[in-house]
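K.L.:
The structure is given below, and queries will be raised subsequently.
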Amino acid sequence: MQTHQGSPRTLAISILCLIAMAGGAHAQENRPILASTPQDWSVEVISSDLDYPWDITRDGETLYITEAAGDILRVEDSRLTRMSLSTTRPIYREGGRGLLGMALSPSFARDRTGYFYHSIEEANGSSNRVIEAQLDGETWHETRVLIDGIPGHRLYNGGRLGIGPDGMLYITTGWTEDRQRPQDPNSLAGKILRISPDGSIPADNPTSGSPVWSLGHRNPQGLAWGPDGALYAVEHGQSAHDEINRILPDHNYGWPVDQGDEQSAGMTAPWIHSGGRTWAPSGATFAGQELLIAALGAQGLFVVDAAARSLKLVLSTGERYRDVEAIGSDLWVITTNRSPRGEGPSEDRLLRLTRD
Numbered sequence: 266m267q268t269h270q271g272s273p274r275t276l277a278i279s280i281l282c283l284i285a286m287a288g289g290a291h292a293q294e295n296r297p298i299l300a301s302t303p304q305d306w307s308v309e310v311i312s313s314d315l316d317y318p319w320d321i322t323r324d325g326e327t328l329y330i331t332e333a334a335g336d337i338l339r340v341e342d343s344r345l346t347r348m349s350l351s352t353t354r355p356i357y358r359e360g361g362r363g364l365l366g367m368a369l370s371p372s373f374a375r376d377r378t379g380y381f382y383h384s385i386e387e388a389n390g391s392s393n394r395v396i397e398a399q400l401d402g403e404t405w406h407e408t409r410v411l412i413d414g415i416p417g418h419r420l421y422n423g424g425r426l427g428i429g430p431d432g433m434l435y436i437t438t439g440w441t442e443d444r445q446r447p448q449d450p451n452s453l454a455g456k457i458l459r460i461s462p463d464g465s466i467p468a469d470n471p472t473s474g475s476p477v478w479s480l481g482h483r484n485p486q487g488l489a490w491g492p493d494g495a496l497y498a499v500e501h502g503q504s505a506h507d508e509i510n511r512i513l514p515d516h517n518y519g520w521p522v523d524q525g526d527e528q529s530a531g532m533t534a535p536w537i538h539s540g541g542r543t544w545a546p547s548g549a550t551f552a553g554q555e556l557l558i559a560a561l562g563a564q565g566l567f568v569v570d571a572a573a574r575s576l577k578l579v580l581s582t583g584e585r586y587r588d589v590e591a592i593g594s595d596l597w598v599i600t601t602n603r604s605p606r607g608e609g610p611s612e613d614r615l616l617r618l619t620r621d
């Protein structure tokens, strides 16, 4: 192709146009989601062939999605590759049990290491554990168990993982319908746990030798860190009173003693709760300064209105939204339309939301 050098005036105009375009794109990317309406968003269906996806996380612009039966999907340029997870104990898939949360090593590009939360069958039911695994080709291979003996349940397993700004691995666990466990500091149920990526207990945990970071949780299923490093968790209430909590070490978030605006001595009330309504919040992520919540019961994607201490609908397609991830100005959502009780269709989807 023949090229030529333009005049200084032409070049100047071209540079100004590029600056304006870049500025416009930057401004578009930084528009508050809270100011949007559902009509501002376009939905692209990337896949309609997912099998109970549970977690979506990313490495740069590459997405990784867990499916409860044990597969992991890699999404690159909207193309899906299905990968397997090889474990030393079989993944127990039943009800709300299975392969749940996933987190990637901060050095994933170099060490190809991930962390997975999954259920295993026991003689008296089930338990959950967190493993480290390395990716080799299209298979993840378990390399060690980081923590096990987490009580299991058909529905209430928690299961979210996240690497905090401090480099530690955070884990949510469910209450297993045992009213004693969330308040028992020696039980791993109904907690948010904090361990080192090698499975050891950090020296600055609230109790020496214990992985418990906070207690009094019912079924926390989402973790997200704000730009200031603050940790937020979302959890299911009992039929209502779903919660968004700011998580602080050694704080007791009340379950099953308190819910909603109740606050007994020594317990921390939720930052935001749903009152008599049900959100069934699951996944959470920050897009810039804004906290996004994927909701199963409320069937949509929501943004937190911090000033009003409420949620505002971003978009709903009438499906159960399990988790959300943000890449630039685009939002990626996975649905689990079949409930843990086996209700609903199994055709789950990966959606890409683009703001017009």
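Taking our numbering, I'd label the letters of the sequence shown as residues 266 to 621. We put the CB at the ideal spot given by N, CA and C, even for glycine. Note that the structure is a prediction, hence the values are computed from the model and not measured.
1) Can you list the beta strand (DSSP E) stretches of 3 or more residues lying completely in the region 397 to 458, in chain order?
2) Taking Cβ positions, are Ser370 and Thr404 nearer each other than 8 angstroms?
3) Counting only the same chain and skipping the five closest in sequence on each side, list residues whose C-beta sits under 7 angstroms from that of Gln520.
4) Out of Ala505, Leu513, His506, Arg620, which has the shortest C-alpha to C-alpha gap to Ile497?
5) Give the DSSP-derived three-state secondary structure of Asp463 in the structure shown.
6) Taking Ala249 as part of the beta strand (DSSP E), name the residues at either end of that continuous run.
7) Report back the beta-carbon spacing between Leu580 and Pro303 to the nearest angstrom; my notes put them in contact at under 8 angstroms.
8) In chain order, what are the residue ranges of uninterrupted beta strand (DSSP E) at least 3 long that sit wholly in the region 506 to 558?
9) Tell me the DSSP secondary structure of Ala489 in three-state form.
10) Kindly indicate which three-state DSSP category Leu315 falls into: helix, strand or coil?
11) To which residues of the same chain is Gly531 closer than 8 angstroms at the C-beta, ignoring the five residues directly before and after it?
12) With DSSP run on the structure shown, which of helix, strand or coil describes Leu299?
13) Please classify Asp613 as buried or exposed, where buried requires at least 16 neighbouring CB atoms within 10 angstroms.
14) Just to confirm before moving on: does the CB-CB distance between Ser491 and Leu426 stay below 8 angstroms?
15) In whole angstroms, what is the alpha-carbon distance linking Ser391 and Ala300?
16) Using a Cβ-Cβ cutoff of less than 6 angstroms, which residues in the same chain neighbour Leu655 once the five nearest sequence positions on both sides are dropped?
17) Assuming Gly464 contacts Leu411 (C-beta within less than 8 angstroms), just tell me the rounded distance between them.
18) Starting from the Cα of Thr437, find the closest Cα among Ala374, Thr331, Ile428 and give me that residue.
19) Beta-carbon within less than 7 angstroms of Pro430's beta-carbon, same chain only, minus the 5 sequence neighbours each way: which residues are those?
20) Are the Cβ atoms of Ala549 and Leu615 separated by less than 8 angstroms?
21) What residue does the beta strand (DSSP E) around Ser479 start on, and which one ends it?
P.N.:
Taking the definition as stated:
1) 404 to 416, 426 to 428, 434 to 437
2) The residue given as residue 370 occupies position 105 in the sequence shown. The residue given as residue 404 occupies position 139 in the sequence shown. Not a contact, by the Cβ cut-off of 8 angstroms.
3) For this step, residue 520 is matched to residue 255 along the sequence shown. For clarity, residue 520 is Trp in the given sequence; the question names Gln instead. Excluding sequence neighbours, Trp520 sits near Trp440, Pro447, Gly455, Gly481, His482, Arg483.
4) To locate residue 497, count along the sequence shown from 1; it is residue 232. It should be pointed out that residue 497 corresponds to Tyr in this sequence rather than to Ile. The residue with the shortest Cα to Cα distance from Tyr497 is Leu513.
5) On the sequence shown, position 198 is the one that residue 463 refers to. Residue state, collapsed to three classes: coil.
6) Given that the chain is displayed from residue 266 to residue 621, the structure contains no residue 249 and the question cannot be resolved.
7) Working through the sequence shown from its first residue, we reach residue 580 at position 315. Working through the sequence shown from its first residue, we reach residue 303 at position 38. The pair is a contact, with the Cβ atoms about 5 angstroms apart (cut-off 8 angstroms).
8) 508 to 512, 546 to 552
9) Position 224 of the sequence shown, counted from the start, is the residue given in the question as residue 489. Note: Ala489 maps to strand in three-state DSSP.
10) Numbered from 1 along the sequence shown, position 50 holds the residue referred to as residue 315. Strand, per DSSP.
11) Position 266 of the sequence shown, counted from the start, is the residue given in the question as residue 531. Asn517, listed in sequence order.
12) As a working note, residue 299 is residue 34 in the sequence shown. Helix, per DSSP.
13) Translated into the one-based positions of the sequence shown, residue 613 becomes position 348. It counts as buried.
14) For the purposes of this step, residue 491 is taken as residue 226 along the sequence shown, with counting starting at 1. For the purposes of this step, residue 426 is taken as residue 161 along the sequence shown, with counting starting at 1. Going by the sequence as given, residue 491 is Gly instead of Ser. No. Outside cutoff.
15) Mapped onto the sequence shown, residue 391 falls at position 126. Mapped onto the sequence shown, residue 300 falls at position 35. For Ser391 and Ala300, the distance between alpha carbons rounds to 45 angstroms.
16) The displayed coordinates of the chain run from 266 to 621. Any statement about residue 655 would go beyond what the structure contains.
17) Here residue 464 refers to the residue found at position 199 when the sequence shown is read from its first residue. Here residue 411 refers to the residue found at position 146 when the sequence shown is read from its first residue. The pair is a contact, with the Cβ atoms about 4 angstroms apart (cut-off 8 angstroms).
18) Numbered from its first residue, the sequence shown carries residue 437 at position 172. With distances taken between Cα atoms, Thr437 lies closest to Ile428.
19) Residue numbering aside, residue 430 sits at position 165 when the sequence shown is read from its first letter. Correct list, in chain order: Trp490, Gly494.
20) Residue 549 sits at position 284 when you count from the first residue of the sequence shown. Residue 615 sits at position 350 when you count from the first residue of the sequence shown. Contact flag unset, no.
21) To locate residue 479, count along the sequence shown from 1; it is residue 214. Segment 477 to 480, the beta strand (DSSP E) holding Ser479.
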